[in-house]
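2 protein chains.
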Amino acid sequence: MSSMNLEPVTYTPIGEVHCDFGEPSNPKEMRNALSTLEIDEKYLETFEGLEKFEHIIVIYHIHRALGYDPKVHPMGDESIPKRGVLATRSPRRPNPIGLTVVQVLSIEGNQIAVTGLDALDGSPILDVKPYEEHFDSPAGAEMERDPDYRPREG
Amino acid sequence: MSSMNLEPVTYTPIGEVHCDFGEPSNPKEMRNALSTLEIDEKYLETFEGLEKFEHIIVIYHIHRALGYDPKVHPMGDESIPKRGVLATRSPRRPNPIGLTVVQVLSIEGNQIAVTGLDALDGSPILDVKPYEEHFDSPAGAEMERDPDYRPREG
Chain P
0 MSSMNLEPVT YTPIGEVHCD FGEPSNPKEM RNALSTLEID EKYLETFEGL
50 EKFEHIIVIY HIHRALGYDP KVHPMGDESI PKRGVLATRS PRRPNPIGLT
100 VVQVLSIEGN QIAVTGLDAL DGSPILDVKP YEEHFDSPAG AEMERDPDYR
150 PREG
Chain Y
0 MSSMNLEPVT YTPIGEVHCD FGEPSNPKEM RNALSTLEID EKYLETFEGL
50 EKFEHIIVIY HIHRALGYDP KVHPMGDESI PKRGVLATRS PRRPNPIGLT
100 VVQVLSIEGN QIAVTGLDAL DGSPILDVKP YEEHFDSPAG AEMERDPDYR
150 PREG
């Protein structure tokens with residue numbers, strides 16, 4: 000055994016998702032609908048400039064997920080053989096952290112309107128990040144091998 | 000004031016990053032180097048099948064980040080005006096959660112060798128997910144508006 004540091008980590012949500020889906024629903028319908036990210040007013044200053052980005056990443060706590068099975072059918076489709084839950088996007092996973100790239104429609108005060116999110120109403124928001132190709136796309140590592148590559152701003 | 004649920008959320012890391020970078024370093028150099036994700040053996044079954052994916056997303060705790068400033072110069076570059084820290088990829092943010100798309104080189108036992116990661120040695124790993132275009136690329140929402148779109152497997 001190596002001596003890994005597996006001490007628990009605690010985060011305080013910065014806001015909450017609002018949308019029309021209070022119960023697990025068709026993910027495609029959820030992602031095609033509007034969601035609002037309501038950010039705690041004390042963080043207002045921290046997302047100044049986020050409107051420069053068309054796409055952002057929302058990291059949220061999947062608050063309705065309880066426990067997990069080590070192996071599952073991807074997308075619950077029994078025609079696909081079971082595999083490890085970490086090799087799927089199942090919401091029921093060891094740490095139920097949700098992650099979606101969404102499109103920003105508007106930012107007014109502490110309300111960020113987005114489309115593309117698949118989080119249930121009331122999901123606690125842990126972090127938002129601008130989507131940046133060099134970090135977030137499979138081609139990103141290639142870009143960084145090019146000494147002349149510079150991230151795009153905005 | 001709305002009544003948001005901002006109760007703290009606690010996660011137990013599933014593993015730890017190993018790499019040659021113990022101190023903050025040039026992100027490009029870090030991403031071009033090899034890193035190993037050592038996963039707690041009790042989760043062995045949960046990542047069976049992850050080898051089907053060329054790219055995965057690593058979500059980790061930025062354990063060396065202490066506190067944050069509400070507004071910062073992006074990439075520490077003083078020639079770029081300050082903006083809200085959540086509109087940058089600064090590691091010092093309200094919840095120091097790191098997120099990088101990496102390329103899988105090999106999986107042997109509980110060791111996942113990757114390139115493209117920008118996490119310091121010893122970073123606690125919170126989650127790994129297969130990279131899936133319809134969730135993780137800006138074009139994803141468009142794909143899901145197409146009723147005939149089906150996610151690719153593997």
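If you read the protein sequences in the order shown, they are chains P and Y.
Read left to right, the first sequence gives residues 0 to 153 (numbering that gives the first Met the number 0).
Read left to right, the second sequence gives residues 0 to 153 (numbering that gives the first Met the number 0).
Each residue gets a CB set at the ideal place from its N, CA and C atoms; glycine is no exception.
This one's a predicted model, so the numbers in the text were calculated from it and none came from an experiment.
Per-residue contacts from residue i into chain P (C-beta, under 9 Å)
| i | result |
| --- | --- |
| Y/I56 | L98 and D135 |
Nearest-angstrom beta carbon gap, residue j and residue i [assumed within contact, 8 Å]
| i | j | result |
| --- | --- | --- |
| P/K128 | Y/R30 | Actually they are not in contact, since the Cβ atoms of P/K128 and Y/R30 sit about 16 Å apart, beyond 8 Å. |
| Y/I96 | Y/I58 | 6 Å |
| Y/V100 | Y/H54 | 6 Å |
| P/L5 | Y/L98 | 20 Å between Cβ atoms; not a contact. |
| P/F20 | P/Y130 | Wrong, their Cβ atoms sit about 23 Å apart, outside the cutoff. |
heavy atom of the ligand GDP below 7 Å from residue i C-beta
| i | result |
| --- | --- |
| P/L119 | Looking for the ligand GDP in the displayed structure turns up nothing, as the structure carries no ligands at all. |
Pair within 8 Å by beta-carbon distance, residue i and residue j
| i | j | result |
| --- | --- | --- |
| P/I61 | P/H72 | no |
| P/V113 | P/Q102 | yes |
| Y/G14 | Y/L43 | no |
| Y/G139 | Y/E132 | yes |
| Y/L49 | Y/I106 | yes |
| P/E28 | Y/R82 | no |
Chain P contact residues for residue i, given Cβ-Cβ distances below 8 Å
| i | result |
| --- | --- |
| Y/F46 | G83, L85 and A86 |
| Y/G108 | Within chain P, no residue comes near Y/G108; the closest Cβ sits about 12 Å away, beyond 8 Å. |
| Y/G66 | Residues of chain P passing the Cβ test: none, with the nearest at roughly 12 Å. |
Proximal residues of chain Y, C-beta to C-beta of residue i below 9 Å
| i | result |
| --- | --- |
| P/P154 | Since the first residue of chain P shown is 0 and the last is 153, residue 154 of chain P is not available in this structure. |
| P/P123 | M3, N4, L5, E6 and V8 |
Interface residues of chain P facing residue i [CB-CB closer than 7 Å]
| i | result |
| --- | --- |
| Y/V127 | L85 |
| Y/E15 | M3 and N4 |
| Y/L104 | What Y/L104 touches in chain P: nothing, since even the nearest Cβ is about 11 Å away. |
| Y/P69 | E44 and T45 |
| Y/G75 | Result: empty, since nearest Cβ-Cβ is about 13 Å, beyond 7 Å. |
Cβ neighbour criterion (16 or more within 10 Å) applied to residue i
| i | result |
| --- | --- |
| P/T11 | exposed |
| Y/A86 | buried |
| Y/N94 | buried |
| P/A118 | buried |
| Y/L116 | buried |
| Y/P7 | exposed |
| Y/D39 | buried |
| Y/S34 | buried |
| Y/T45 | buried |
| P/L65 | exposed |
| P/S2 | exposed |
| P/D126 | buried |
| Y/G153 | Note that Y/G153 scores 43 on pLDDT, short of 50, meaning its location in the model is unreliable; the coordinates nonetheless yield the value given after this. That one is exposed. |
| P/D135 | buried |
| Y/G108 | exposed |
Chain Y contact residues for residue i, given Cβ-Cβ distances below 7 Å
| i | result |
| --- | --- |
| P/E131 | R88 |
| P/L49 | G83, L85 and A86 |
| P/H72 | Within chain Y, no residue comes near P/H72; the closest Cβ sits about 11 Å away, beyond 7 Å. |
Chain-ordered neighbours of residue i on chain Y, where CB pairs are closer than 8 Å
| i | result |
| --- | --- |
| P/G21 | Here the premise fails: no neighbours, minimum Cβ distance about 13 Å. |
Q: Counting only runs of 4+ residues fully inside the segment 41-94 of chain Y, write out the alpha helix (DSSP H) ranges in chain order.
A: With a minimum length of 4 residues, no continuous alpha helix (DSSP H) run stays inside the segment 41-94 of chain Y.
Q. Going along the chain, which unbroken runs of the beta strand (DSSP E) with 3 or more residues stay wholly within the segment 2-37 of chain Y?
A. Runs found: 8-10 and 14-17.
Q) Where in the segment 112-137 of chain P do unbroken runs of the alpha helix (DSSP H), each at least 4 residues long, occur, reported from the N-terminal end onward? A) Counting whole runs of 4 or more residues, the segment 112-137 of chain P contains the alpha helix (DSSP H) stretches 132-135.
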